[in-house]
Structure formats: structure tokens, C-alpha cells
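Residue numbers (this note's numbering): 410 to 700.
Single-structure report; data block below.
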DNA sequence: CACTTGACCTGTCCGC
DNA sequence: TGCGGACAGGTCAAGT
């Protein structure tokens, strides 16, 4: 569920909250969530300070003064929530908070900082992970070797999107968009939203997509990603930002989780189907089946 | 090699 | 009310 806009929203929050803080302890409840040896954690994490927080694709990179980085993938239900000292014994996060008092039963890793503040890695389904790695080795990870370009980078054009997607020319466009080696950061929400924006049916085979459709898809994709970042991402069930708060993009979504409701463009009822093994939302009028 | 499907997990919801 | 099963969907391994 955390896709590019959600992970970027978490990054923006952590970049505001973490740099300069010194880690004083790190506790993990499962090897699966944080598989590093305790000795490495003691040497390269405890005592180090946070330098900066970066992102590549859906992966967060918390760079440390020890020349190591915490590499974090939230997968489906992961959260990274910072709790400052002023909130420590209060009623938790106010307003649009989705988390109660932390740690809770989904907390997998707890980092404590020198001033008594905490960073909690919560993950209900345990798909996500956090790993401590020398910063110089991060780009060598298999995932980073294979992952595609950032869709919002200034040198990524509609021609680039077209060329990357055509690497999967015999599959359907939704599967191609979800393939992280084609373009980084797109998941189920923004695949559906951008295909609706470009008026392309998700089962359309990539080789059958026209130039003007590729161009429209590029415009729609970059627009929905930017809008979602501006709205703090999408909260469906679990996603929260670094302060434990929801994102509001789904209030602006056109098709995702809107089956049975009218298409914002033409009023036709939106339907849900299954494409590429994923729940898929389309407007039958705006996104006709090709061939 | 290209492509599709299943596994990994747990909480929630739906039908009986 | 309880219970089984379907579903959620990011990524990798296994299967076709």
C-alpha cells in the first residue's frame, strides 16, 4: 500500500524530524523485521546520529554518521512513526491520527534517541523489513540494480516511459506499470488512477498502446503522483506518515476503491475486476476494452 | 527468456 | 455468535 507518494511523505516527515538525533538503543521483536546481528546493531547503529533521510523507489534510506544506513521497505502495512518527548506520556497523536499509544502489538522495532524520543517501525503483516547496511553497499543491492527510473525525476520523459514499458510489450499495461524494473514506485492505487486518467483499459497489451496514449499516460501518472504527495499520500487501512497521521489522496481518487460510484468524468458506474492478480478499478465508458 | 501465479503474513469482513 | 474462507497487494521465488 505504501507506494511512491506514501513513502515520499514519510521521508519528508522523517527528514524534518530525525537529522542530528543520536540513537541510544534499538530493540527488535523478530529477526524477520530486522535481521541484522545484534553485534552489528550495537556497533553501527547505537551511538550513531542520523545524517539525512532519502528515498529510492518505495525504499527509505536513513543515512547514519557511522557510514551505515537503515534501509527500510514498508511493503503493505509498514509504518515508521516518530514520537517526540512532548507526546511521550500524552494521549498520543491528535486529530487525524491512526495510531494509538506506541509501542503497540504491531511494533516490530523500536529506536530510542538521546533526548528520549522514539522511532517505531510498526508492521501488522510482517512483510516489511529494516536492514542495517554500509551506505556504500546500498546501490549494490539486487533491488537497486534492477529498479527502474524515478517517474518524477526531471529527466524522465514520456518517451522514456514508452521505451521502458515496451520492455514488457507482450503483457498487459497494468502488470507493466506494477513492474518495478520498468518504472519505480508505482503500485495498485496509482496504476489504476493513471490508467483512468489516460483512458486506457488495464488489460490493454502494451504493444497495442498508441503514441498519444503513452503521452497521456505519462501526464496522468506524473499528475496523480504529484497530487498524492501534496495530499500526504493515500490512507486506505494502515498507512500513516511519520507523525502517525493519515493521507487524504483517496478523497480525490477517481476510481480506486470507488466501485459502484459514478465516474467523475462521465458518470458511468465504476466497476471492479481482477487484472494482473490485483483488484482493479475502471470506468467502462472512459476505458473501453480494445480489440 | 517472457510472463504468470503463489507464498509470505495478519486483520477484517462476509456468508452460513 | 462463531467459524471458515476470501480478500487486501509489494516483492520475490517458483512454475508454465
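Beta carbons: idealized from backbone N, C-alpha and C, even for Gly.
From a predicted model like this one, the values you see are computed outputs, not experimental measurements.
Indicate the three-state DSSP secondary structure (helix, strand or coil) for residue i in the structure shown.
| i | result |
| --- | --- |
| residue 609 | coil |
| residue 528 | strand |
| residue 566 | coil |
| residue 495 | helix |
| residue 519 | strand |
| residue 687 | strand |
| residue 558 | coil |
| residue 472 | strand |
| residue 679 | coil |
| residue 489 | strand |
| residue 595 | coil |
| residue 643 | strand |
| residue 603 | helix |
| residue 411 | coil |
| residue 697 | coil |
| residue 673 | coil |
| residue 692 | coil |
| residue 500 | Since pLDDT at residue 500 reaches only 44, below the 50 mark, its modelled position is unreliable, and no value is offered. |
Specify, as a first and last residue, the run of the alpha helix (DSSP H) that residue i falls within.
| i | result |
| --- | --- |
| residue 583 | 582-587 |
| residue 633 | 620-639 |
| residue 555 | 551-555 |
How would you label residue i, buried or exposed, when you count the other beta carbons within 10 angstroms and need 16 or more for buried?
| i | result |
| --- | --- |
| residue 641 | buried |
| residue 436 | exposed |
| residue 606 | buried |
| residue 671 | exposed |
| residue 500 | Note on residue 500: pLDDT 44, under 50, position unreliable in the model; the coordinate value appears next. So residue 500 ends up on the exposed side. |
| residue 610 | buried |
| residue 646 | exposed |
| residue 420 | buried |
| residue 695 | buried |
| residue 537 | buried |
| residue 690 | buried |
| residue 574 | buried |
| residue 447 | exposed |
| residue 596 | buried |
| residue 560 | buried |
| residue 411 | buried |
| residue 616 | exposed |
| residue 417 | buried |
| residue 643 | buried |
| residue 495 | exposed |
| residue 498 | Note that residue 498 scores 45 on pLDDT, short of 50, meaning its location in the model is unreliable; the coordinates nonetheless yield the value given after this. Flag for residue 498 reads exposed. |
| residue 583 | buried |
| residue 488 | buried |
| residue 532 | buried |
| residue 669 | exposed |
| residue 612 | buried |
Assuming residue i and residue j form a contact by the criterion Cβ under 8 Å, report the distance between their Cβ atoms to the nearest whole angstrom.
| i | j | result |
| --- | --- | --- |
| residue 432 | residue 457 | 6 Å |
| residue 677 | residue 693 | 6 Å |
| residue 414 | residue 614 | Their Cβ separation, rounded to whole angstroms, is 28 Å, which puts residue 414 and residue 614 out of contact at 8 Å. |
| residue 649 | residue 479 | Actually they do not touch by this definition, with Cβ atoms about 19 Å apart. |
| residue 490 | residue 656 | Contact flag wrong, Cβ pair sits at about 14 Å. |
| residue 430 | residue 459 | 5 Å |
| residue 593 | residue 556 | 5 Å |
| residue 471 | residue 481 | 7 Å |
| residue 673 | residue 663 | 5 Å |
Let's see if you can read the secondary structure: which residues bound the beta strand (DSSP E) around residue i?
| i | result |
| --- | --- |
| residue 478 | 477-482 |
| residue 543 | 538-543 |
- Item | Every unbroken beta strand (DSSP E) within the segment 413-468, with a cutoff of 3 residues, ordered by chain | Listed in chain order, the complete beta strand (DSSP E) runs (minimum 3 residues) inside the segment 413-468 are 432-437 and 459-465.
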